[in-house]
Amino acid sequence: MQITEYRYQHGTEERLGYRAIPELHRLRPAAPQFIRMNDLNIVLTRPTAFLYVDGYSMSPSNSGLNPVTTKNFMPALKTGSAHTAHEWVHTFEGKQHLKKVDIISSTCAAGIQALYEAEKLLTANEVEEVIIIGGERITEDTLRLFRELKIPVTCSDGFAYFRVEAGNQITDINWDYVYHTNPFYFEAEDLNKHIPEYQVDYVKLHGTGTLGNTRAEEDLAQLGTTLLCKPFIGHTQGISALVELGIVLDDPSTIGKVLVAANGAGGFFGTCTLNKLVENGTAT
40 MQITEYRYQH GTEERLGYRA IPELHRLRPA APQFIRMNDL NIVLTRPTAF LYVDGYSMSP
100 SNSGLNPVTT KNFMPALKTG SAHTAHEWVH TFEGKQHLKK VDIISSTCAA GIQALYEAEK
160 LLTANEVEEV IIIGGERITE DTLRLFRELK IPVTCSDGFA YFRVEAGNQI TDINWDYVYH
220 TNPFYFEAED LNKHIPEYQV DYVKLHGTGT LGNTRAEEDL AQLGTTLLCK PFIGHTQGIS
280 ALVELGIVLD DPSTIGKVLV AANGAGGFFG TCTLNKLVEN GTAT
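So my numbering is basically just the index in the sequence shown, starting at one, shifted up by 39.
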């Protein structure tokens, strides 16, 4: 799979317990703000699929309204991922070329699953390109969840946009689900299934920093030079793998094969390999 266009954001301003995108208003609907801030001119000219990435399938706080006190249907509708995806599609030009719209919500592994689903669509020749978009605005509910789970990582607002087609820049995309009674527990063997048979130069770990997560990623960490993004940019949850993939793409010092890993609460896991090689002095 080849990346033809991408863009990403993460929080840059320290707030109480998280990193915020300063322009993002906390009490207004999130999706229209991401649309305005990124001013993406998405024109469809060939068969295209759109995958909207939402770490969780329902985020009431993203409406900017309190779902407990809301008295009518429309604000409740606007809390859902389906409505948010619809808002993005409304901005596209050439909608007659849009063949598929889907929502990916496998928590923190959703970004990898989106790449996995995109690869399947491209390989089956169902479409010629796939657009992947996701946005994350941190709320008090998010912070409370991370505190209760004792996950020692700063959360962050975030946005990711990737446009992909067939190619070899991203290969060996793996995504799967493993059941455990505790949805927040996973073992090294869950991740080791994704260790490739070939050598990699770097490993972008999921890296939440919990004792369990660190132990589970020990074998992955031995595969190459480890890359950790969350200590510097915070955790953008459902789109974290995409935001961090963008950061690796923009890092001129990281050249070679990069294994990108993501682990999601609920038993979701995924990896892909970014082939960031040098041709004529340019990273591809």
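Here a beta-carbon is modelled for each residue, glycine too, at the ideal position from N, C-alpha and C. Keep in mind the model is a prediction, meaning the values are calculated, not measured.
Q. To the nearest whole angstrom, what separates the beta carbons of Ile294 and Leu316, a pair I think is in contact under 8 Å?
A. Here residue 294 corresponds to residue number 255 of the sequence shown, with the count starting at 1. Here residue 316 corresponds to residue number 277 of the sequence shown, with the count starting at 1. Their Cβ separation, rounded to whole angstroms, is 7 Å, which keeps Ile294 and Leu316 in contact under 8 Å.
**Q.** Pair within 8 Å by beta-carbon distance, Glu154 and Cys268
**A.** Looking up residue 154 in the sequence shown gives position 115. Looking up residue 268 in the sequence shown gives position 229. The sequence given here places Leu at residue 154; Glu does not occur at that position. No. Outside cutoff.
Q.
List, from N- to C-terminal side, the beta strand (DSSP E) runs of 3 residues or more that fit wholly inside the segment 181–226.
A. 197–204, 209–216
**Q.** Distance between Tyr91 and His49 (C-alpha atoms, nearest Å)
**A.** One-based indexing of the sequence shown puts residue 49 at position 10. One-based indexing of the sequence shown puts residue 91 at position 52. Rounded to whole angstroms, His49 to Tyr91 spans 18 Å at the Cα level.
Q: Tell me, please, which residues DSSP counts as bridged to Glu175.
A: Indexing the sequence shown from 1 puts residue 175 at position 136. Glu175 is bridged to Gly197.
Q. In whole angstroms, what separates the C-alpha of Gly246 from that of Ala69?
A. The residue given as residue 246 occupies position 207 in the sequence shown. The residue given as residue 69 occupies position 30 in the sequence shown. In a straight line, the C-alpha of Gly246 is about 27 Å away from that of Ala69.
Q) Ala301 by DSSP, collapsed to three states: which one? A) Here residue 301 refers to the residue found at position 262 when the sequence shown is read from its first residue. Judged by DSSP in its simplified three-state form, Ala301 adopts strand.
Q. What residue range is occupied by the uninterrupted alpha helix (DSSP H) comprising Tyr237?
A. As a position in the sequence shown, residue 237 is number 198, starting the count at 1. Looking at the DSSP string, Tyr237 is not in any alpha helix (DSSP H), and its letter there is neither H nor E.
Q. Would you say Val192 and Gly248 are within 8 Å of each other, going by their C-beta atoms?
A. The residue labelled residue 192 in the question sits at position 153 within the sequence shown. The residue labelled residue 248 in the question sits at position 209 within the sequence shown. Going by C-beta atoms, Val192 is nearer than 8 Å to Gly248.
Q | Own chain, CB closer than 6 Å to Leu262, minus 5 neighbours either side, in chain order | A | To locate residue 262, count along the sequence shown from 1; it is residue 223. Scanning its chain for C-beta atoms nearer than 6 Å, with the 5 sequence neighbours on each side dropped, one finds around Leu262 the residues Val239, Val242, in chain order.
(Q) Measuring straight from C-alpha to C-alpha, what distance separates Lys232 and Gly277? (A) As a working note, residue 232 is residue 193 in the sequence shown. As a working note, residue 277 is residue 238 in the sequence shown. Taking the straight line joining both Cα atoms gives about 21 Å.
Q: Can you say whether Phe271 is buried or exposed, counting buried as having 16 or more other CB atoms within 10 angstroms of its CB?
A: Residue mapping note: residue 271 aligns to position 232 of the sequence shown, counting from 1. Burial call: exposed.
Q.
Taking 8 Å as the threshold (C-beta atoms), are Met40 and Val203 in contact?
A. Translated into positions along the sequence shown, residue 203 becomes position 164. Translated into positions along the sequence shown, residue 40 becomes position 1. Between Val203 and Met40, the C-beta gap is smaller than 8 Å, which places the two residues in contact.
Q.
For a test of the three-state rule: what should DSSP assign to Gly94, helix, strand or coil?
A. Looking up residue 94 in the sequence shown gives position 55. In this structure, Gly94 counts as coil in the three-state DSSP scheme.
Q) So what does Asn314 bridge to, in DSSP terms? A) On the sequence shown, position 275 is the one that residue 314 refers to. Partner(s): Lys296.
Q. To the nearest whole angstrom, what separates the beta carbons of Val169 and Gly306, a pair I think is in contact under 8 Å?
A. Here residue 169 is taken as the residue at index 130 of the sequence shown, counted from 1. Here residue 306 is taken as the residue at index 267 of the sequence shown, counted from 1. 25 Å between Cβ atoms; not a contact.
**Q.** With 16 other Cβ atoms within 10 Å as the buried cut-off, status of Tyr47
**A.** The sequence position of residue 47 within the sequence shown is 8, counting from 1. So Tyr47 counts as buried.
Q.
Once DSSP output is grouped into helix, strand and coil, what is the label at Gly277?
A. Residue numbering aside, residue 277 sits at position 238 when the sequence shown is read from its first letter. The DSSP-derived three-state label of Gly277 is helix.
Q) Grouping DSSP H, G and I as helix and E and B as strand, with all else coil, what is Ile60? A) Position 21 of the sequence shown, counting from 1, holds the residue named residue 60. Reduced to three states, the DSSP call for Ile60 is coil.
Q) What does a CB cutoff of less than 8 Å around Val128 pick up in its chain, not counting 5 residues either side in sequence? A) In the sequence shown, the residue the question calls residue 128 occupies position 89. Closer than 8 Å at Cβ, skipping near neighbours: Phe89, Lys134, Leu137, Val140.
Q: Have a look at Asn80 and Leu281 and give me their C-alpha separation to the nearest angstrom.
A: Numbered from 1 along the sequence shown, position 41 holds the residue referred to as residue 80. Numbered from 1 along the sequence shown, position 242 holds the residue referred to as residue 281. Their backbone Cα atoms lie some 20 Å apart in a straight line.
Q) Rounded to a whole number of angstroms, what is the C-alpha to C-alpha distance between Gly150 and Ile143? A) As a position in the sequence shown, residue 150 is number 111, starting the count at 1. As a position in the sequence shown, residue 143 is number 104, starting the count at 1. In a straight line, the C-alpha of Gly150 is about 8 Å away from that of Ile143.
Q | First and last residue of the uninterrupted beta strand (DSSP E) at Thr84 | A | Translated into the one-based positions of the sequence shown, residue 84 becomes position 45. Element bounds for Thr84: n/a, residue is neither H nor E.
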